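Trainee: Take this structure first; my questions come after.
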Amino acid sequence: GKVIKVALGGGGNLWHACTETTTATLYWALLYMVQYPDIQELETVLEPSQVIYYKDRKNLPYTNAVIHEILRYSNITAVGTPRQCVKDATVLGYRIEKGTIVLPNLHSVVYDPEYWETPWKFNPNHFLDSDGNFVNNEAFLPFSAGHRVCLGEQIARTELFIFFANLLRAFTFQLPDGVKKINLGYILGAILKPHPYRLHAIRR
Numbered sequence: 010g011k012v013i014k015v016a017l018g019g020g021g022n023l024w025h026a027c028t029e030t031t032t033a034t035l036y037w038a039l040l041y042m043v044q045y046p047d048i049q050e051l052e053t054v055l056e057p058s059q060v061i062y063y064k065d066r067k068n069l070p071y072t073n074a075v076i077h078e079i080l081r082y083s084n085i086t087a088v089g090t091p092r093q094c095v096k097d098a099t100v101l102g103y104r105i106e107k108g109t110i111v112l113p114n115l116h117s118v119v120y121d122p123e124y125w126e127t128p129w130k131f132n133p134n135h136f137l138d139s140d141g142n143f144v145n146n147e148a149f150l151p152f153s154a155g156h157r158v159c160l161g162e163q164i165a166r167t168e169l170f171i172f173f174a175n176l177l178r179a180f181t182f183q184l185p186d187g188v189k190k191i192n193l194g195y196i197l198g199a200i201l202k203p204h205p206y207r208l209h210a211i212r213r
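Residue numbers (the working numbering): 10 to 213.
Written as structure tokens, this is what we have:
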């Protein structure tokens, strides 16, 4: 195996090719795989040497659910893009005047107990039905919503699935020898990133 130091903002063509948000999500993804090692096993519907493409997500519902849970649980953009109210409105009894700047609170949505069975736990079953099929959730809004939804949503979804699934196809990730504790806290900023960490990548 090889010990990899995951340092924010650096390292390799893969990271430079991604947007900052996609890269941050992948940092969280690998950290969660070390924290929850049982999740690392991909479904066995594909050949071991097969390269995984975006179209394969339909045959990998659990992997797809894990990626969606990573996006939900990491919540790297807790506040959405600012909006401006174009006319006077009343929402849930609150009056909002025309011209008011509104900041969508994405954090409150992705952790809302009315929509998520275990909002404060990493649980891919949030995106699976009783038969193990992938299902979305209307409260899943990591890319915001409406006319000002993230323009890069589709490419981000594609990149995350291809990168993450192929990494898990090629490697098992563990803590390096002597490391017992994982820091799951985040660095506060416009994008919530994990603290730099080390992991052990073992080729399958």
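Yeah, the Cβ is synthetic: ideal placement off N, Cα and C, and Gly gets one too.
On a predicted model such as this, the values are computed, not experimentally measured, just so you know.
Helix, strand or coil, according to DSSP, for residue 198 in the structure here?
Mentor: Residue 198 falls in the coil class under three-state DSSP.
Trainee: Would you give the residue range spanned by the beta strand (DSSP E) that residue 164 belongs to?
Mentor: Where residue 164 is concerned, there is no enclosing beta strand (DSSP E), although the alpha helix (DSSP H) it sits in stretches over 162 to 179.
Trainee: Please classify residue 73: is it buried, with 16 or more other beta-carbons within 10 angstroms of its beta-carbon, or exposed?
Mentor: Buried, since its Cβ has 16 or more Cβ neighbours within 10 Å.
Trainee: Could you spell out the range, first to last residue, of the beta strand (DSSP E) harbouring residue 71?
Mentor: Note, residue 71: premise wrong, no beta strand (DSSP E); alpha helix (DSSP H) at 70 to 83.
Trainee: May I ask you to verify whether the stretch 75 to 93 touches the stretch 34 to 41, counting CB pairs closer than 8 Å and requiring at least 3?
Mentor: They touch, by the three-pair rule.
Trainee: So, does the stretch 58 to 77 touch the stretch 170 to 180, judging by three or more C-beta pairs under 8 Å?
Mentor: Output reads yes: the stretch 170 to 180 touches the stretch 58 to 77.
Trainee: Just checking my contact of residue 78 with residue 94 at CB under 8 Å: how many whole Å lie between their CB atoms?
Mentor: About 33 Å; that fails the 8 Å criterion.
Trainee: Which same chain residues, not among the five before or five after residue 62, have their C-beta less than 8 Å away from its C-beta?
Mentor: These residues qualify, in order along the chain: 171.
Trainee: Residue 203 bridges to which residues according to DSSP?
Mentor: 195, per the DSSP bridge assignment.
Trainee: Where does residue 208 land, buried or exposed, given buried means 16+ other C-beta within 10 angstroms?
Mentor: Its Cβ being crowded by 16 or more others within 10 Å, residue 208 is buried.
Trainee: So the candidates are 150, 164, 163 and 205; which of them puts its Cα closest to the Cα of residue 116?
Mentor: Nearest of 150, 164, 163 and 205 to residue 116, Cα basis: 150.
Trainee: Count the other CB atoms within 10 Å of the CB of residue 177; is the residue buried (16 or more) or exposed (fewer)?
Mentor: The residue is buried, with at least 16 neighbouring Cβ atoms inside 10 Å.
Trainee: Which runs of the alpha helix (DSSP H) at least 4 residues long sit entirely within the stretch 108 to 134? Give them in chain order.
Mentor: The qualifying runs are 115 to 119.
Trainee: Going by Cα to Cα distance, which pick from 46, 30, 32 and 33 is closest to residue 180?
Mentor: It is 46.
Trainee: I need the DSSP call for residue 98, collapsed to helix, strand or coil.
Mentor: Strand, per DSSP.
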